[in-house]
Structures are given as C-alpha cells and as structure tokens.
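Trainee: First the structure, which I've put down as structure tokens, then a few questions once you've had a look.
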Amino acid sequence: MARPQVGDYSNFAKPYIDASTEETVASLITNHSKTLLDFINALPESKADFSYAEGKWTVKQALQHMIDTERIFTYRALTFARKDTIALPGFEQDDYAENAPAKHRSLANLKQEFSFLRQSTDLFLAALTDEELQQKGVANNHPLTVNAIAFIIFGHNLHHKKVFEEKYL
Numbered sequence: 031m032a033r034p035q036v037g038d039y040s041n042f043a044k045p046y047i048d049a050s051t052e053e054t055v056a057s058l059i060t061n062h063s064k065t066l067l068d069f070i071n072a073l074p075e076s077k078a079d080f081s082y083a084e085g086k087w088t089v090k091q092a093l094q095h096m097i098d099t100e101r102i103f104t105y106r107a108l109t110f111a112r113k114d115t116i117a118l119p120g121f122e123q124d125d126y127a128e129n130a131p132a133k134h135r136s137l138a139n140l141k142q143e144f145s146f147l148r149q150s151t152d153l154f155l156a157a158l159t160d161e162e163l164q165q166k167g168v169a170n171n172h173p174l175t176v177n178a179i180a181f182i183i184f185g186h187n188l189h190h191k192k193v194f195e196e197k198y199l
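Numbering (our numbering), first residue to last: 31 to 199.
Written out as structure tokens, the structure is:
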C-alpha cells in the first residue's frame with residue numbers, strides 16, 4: 031500500500047506524514063524501527079531529568095509522551111482496521127504529560143517499555159492487510175486511514191528523535 035494521500039489525514043498530521051520518505055508501512059518498519067530503538071536506548075541516564083528550557087518536558091517526560099501517543103494511535107489503528115465506526119476522541123498531550131508517572135520512573139524502565147511497545151506496534155502494523163490499511167475512521171473530529179496512522183506513529187517518533195538530537199543532547 032502506498033503513502034497516505036491528502037484526505038487520509040488532517041492537516042495537523044501532515045508534518046508527521048512528511049517526516050519520512052518511505053512509501054509503505056513495511057519500509058517504515060524496516061528502515062526506522064531499529065534506528066529509533068537504538069537511539070532511545072542510547073539516551074544517557076545523566077540527561078533523564080534534563081529539560082532544555084523552563085516549562086519544557088524532561089527527557090523522561092518526552093519519552094513517556096512518545097509511549098502514550100504511540101499507544102493511542104495504535105488503538106485508533108486497531109479500531110478502524112476492525113471496521114468499528116465509533117468516532118474516537120482526541121487527547122490533550124499536556125494533560126497526559128502532567129498526569130503521567132514519568133518523574134517516578136527510571137529512564138531504563140521507560141526505555142524498556144518503549145522497546146516492547148515498538149516491537150508490539152511493528153508486529154501489529156506488519157500483519158495488516160491492504161484492505162485493513164485502507165479502512166477509515168474519525169478521531170478528534172478528523173478522518174484518518176489506518177495507513178495514515180502508521181505513518182503518523184513513525185513520523186511522531188522521528189519528530190521527537192530530532193528534538194532530542196537538537197535540544198537535549
């Protein structure tokens with residue numbers, strides 16, 4: 031299945047879709063999963079509670095946000111792939127970050143969860159048929175295809191990898 035097209039996602043998601051040049055979900059998994067895991071696993075413990083500016087998330091909070099967001103988008107993909115027609119709500123990332131347990135967790139524990147989650151998401155996405163990838167639903171009042179969600183998941187992670195590289199390390 032080819033890259034998502036305009037109409038498969040909202041304008042808000044465009045930067046995440048555009049974050050990679052991959053053409054398929056399979057190529058996203060092949061070309062980005064290991065790189066993302068290696069990068070996250072190399073984050074130094076000494077930076078765990080570092081924030082690059084007042085009011086910005088720490089490394090642990092940003093990683094927790096990546097985990098939460100991937101879970102939410104994977105649930106959306108599962109819902110739409112199974113042809114459930116319920117409109118799914120949005121989520122307020124800052125509320126999630128405020129109420130997440132990141133400050134009480136070790137960076138090692140967050141890395142482990144991210145690793146297991148990435149593997150689980152990859153297995154789920156790789157098993158989807160073209161028909162399932164074409165399924166469409168509504169989340170946060172915007173139409174989304176399952177295929178677009180896969181690209182958003184990777185694009186979101188790649189976005190945060192770039193932020194880590196530019197502002198945290």
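Note that the Cβ used here is the ideal one computed from N, Cα and C, for glycine as well.
#1: For a test of the three-state rule: what should DSSP assign to LYS197, helix, strand or coil?
#2: My parser needs the alpha helix (DSSP H) runs of 4 or more residues fully inside the region 129 to 197; what are they?
#3: For ARG148, count neighbouring C-beta atoms within 10 Å of its own C-beta (all shown protein chains included) and say buried if the count is 16 or more, exposed if not.
#4: Which of the three DSSP states is assigned to LEU118 in this structure?
#5: Would you kindly work out how many angstroms separate the C-alpha atoms of GLU161 and ASN177, rounded to a whole number?
#6: Using a 10 Å radius around the Cβ and a threshold of 16 neighbouring Cβ atoms, would you call THR109 buried or exposed?
#7: Unbroken alpha helix (DSSP H) runs of length 4 or more, entirely within the region 38 to 96: which are they?
#8: Comparing alpha-carbon positions, which option in GLN165, ALA111, LYS113, LEU93 lies nearest LEU66?
#9: Buried or exposed: which applies to ASN129, given that a residue is buried once 16 or more other Cβ atoms fall within 10 Å of its Cβ?
#10: Please check the pair ASP152 and TYR126, which I expect to be a contact at CB under 8 Å, by giving their CB distance rounded to whole angstroms.
#11: Which word fits LEU199, buried or exposed, when buried means at least 16 other C-beta atoms lie within 10 angstroms of its C-beta?
#12: Is there a Cβ from chain C that is less than 8 Å from the Cβ of SER145?
#13: Just verifying my parser: in three-state terms, what is the DSSP assignment at ALA32?
#14: Please classify THR51: is it buried, with 16 or more other beta-carbons within 10 angstroms of its beta-carbon, or exposed?
Mentor: Put simply:
#1: As a working mapping, residue 197 is identified with position 167 in the sequence shown. Helix.
#2: 137 to 157, 160 to 164, 176 to 193
#3: Here residue 148 is taken as the residue at index 118 of the sequence shown, counted from 1. Looking at its Cβ environment, which holds 16 or more other Cβ atoms inside 10 Å, ARG148 is buried.
#4: On the sequence shown, residue 118 is found 88 positions in, with the first residue counted as 1. Strand, per DSSP.
#5: Walking along the sequence shown from the start, residue 161 turns up at place 131. Walking along the sequence shown from the start, residue 177 turns up at place 147. Distance between the alpha carbons of GLU161 and ASN177 is about 10 Å.
#6: In the sequence shown, the residue the question calls residue 109 occupies position 79. By the neighbour-count rule (16 or more Cβ atoms within 10 Å), THR109 is buried.
#7: 44 to 47, 55 to 71
#8: On the sequence shown, position 36 is the one that residue 66 refers to. Comparing Cα-Cα distances from LEU66 to each of GLN165, ALA111, LYS113, LEU93, the minimum goes to LEU93.
#9: If you number the sequence shown from 1, residue 129 lands on position 99. Exposed, since its Cβ has fewer than 16 Cβ neighbours within 10 Å.
#10: Walking along the sequence shown from the start, residue 152 turns up at place 122. Walking along the sequence shown from the start, residue 126 turns up at place 96. The Cβ separation is near 23 Å, so there is no contact.
#11: As a working mapping, residue 199 is identified with position 169 in the sequence shown. Exposed.
#12: Given the protein chain composition of this structure (a single chain), no chain C is represented.
#13: For the purposes of this step, residue 32 is taken as the residue at position 2 of the sequence shown. Three-state result, ALA32: coil.
#14: The residue you call residue 51 lines up with position 21 of the sequence shown. So THR51 ends up on the exposed side.
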